[in-house]
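The sequence shown runs 222 to 401 under the numbering used here.
Virtual Cβ for every residue (Gly too), placed ideally from N, Cα, C.
Below you'll find the structure, written out as structure tokens, and then a few comments.
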Amino acid sequence: VVANDDSLIKPRFVTREGSWLIVASSGVGKSSLTVQHSMLFGLGRTVFGLQPARPLRSLIIQAENCENDLAEQVQGVIKGETLGSEDVAQIRRQIVLISEDSRCGPDFHNWLERTIAAHMPLDLVWLDPLLAYLGTGVNEQAEVTTWLRNGLNPIIHRHGVAVCVLHHTGKVRKQSQDDD
């Protein structure tokens, strides 16, 4: 028995001040998954077996999808889940979506701190994708650790939010006949 259950997604899958990393190849639907999860979590609905503790408020920060892509994702969830106008109105209150593709590294952390503060109260902050904001290669262990431990973690702790970071795996190189 947990004395103070800080679960945002039950049971303690994602907790306040915790993190969630989603890693997959480019083009498989991580951004669409983010939109679907944040919309349905905003209604307090279970998604793929993940149960929010209550209706959750999300801030989505994304760098790769144009306005039409985002609209298509939202419309797909509305249609696929047969959401009504009351549901859509609640979702509009529960989600803030910002396209940011010009900041990375410490500049991103400074901006993120101000942005989260401006939109509180929040539960989940979605960063899509990691490489847009990192400011270094993922193989640079010391720099990645600094970005996460000294940059991102203090922000989520100060604001009491959880973060979900989306990351692309490396592209698979096709083997040619000459490689045999």
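Self-check item: Nearest to Leu373 (by Cα), restricted to the options Leu261, Gly391 and Leu351
Solution: Leu351
Quiz prompt | Burial state of Lys300 (16 or more Cβ within 10 Å) | solution = exposed
Quiz prompt | Per DSSP, cross-strand counterpart(s) of Cys385 | solution = Trp241 and Trp347
Exercise. Work out the CA separation of Asp227 and Arg233 for me, nearest whole Å.
Key: 7 Å
Quiz item: Hey, quick one: how far does the alpha helix (DSSP H) through Ser259 stretch, first residue to last?
Solution: Lys251 to Gly263
Self-check item: Contacting residues, own chain, Cβ-Cβ under 6 Å from Ser240 (five flanking each side not counted)
Solution: Val384
Quiz prompt | C-beta atoms of Ala284 and Ala353 nearer than 8 Å | solution = yes
Quiz prompt | Stretch pair the segment 258-267 + the segment 325-335: three plus CB contacts closer than 8 Å | solution = no
Exercise. May I ask you to list the residues that DSSP assigns as paired with Val235?
Key: Ile230
Quiz item: Is Gln296 buried or exposed, if buried means 16 or more other CB atoms sit within 10 Å of its CB?
Solution: exposed
Quiz item: Once you ignore the five residues that flank Glu238 on each side, which residues in its own chain have a CB closer than 8 Å to its CB?
Solution: Asp227, Ile377, His378, Gly381, Val382 and Ala383
Quiz item: Which residues bound the beta strand (DSSP E) around Val318?
Solution: According to the sequence as given, residue 318 is Leu; it is not Val. It spans Ile316 to Ser320 - the beta strand (DSSP E) in which Leu318 sits, taken as one unbroken run.
Quiz item: Can you name, in chain order, every residue of its own chain whose Cβ lies under 6 Å from the Cβ of His389, other than the five neighbours on each side?
Solution: Ser247 and Pro350
Practice problem: Could you give the DSSP three-state label for Pro375: helix, strand or coil? | Solution: helix
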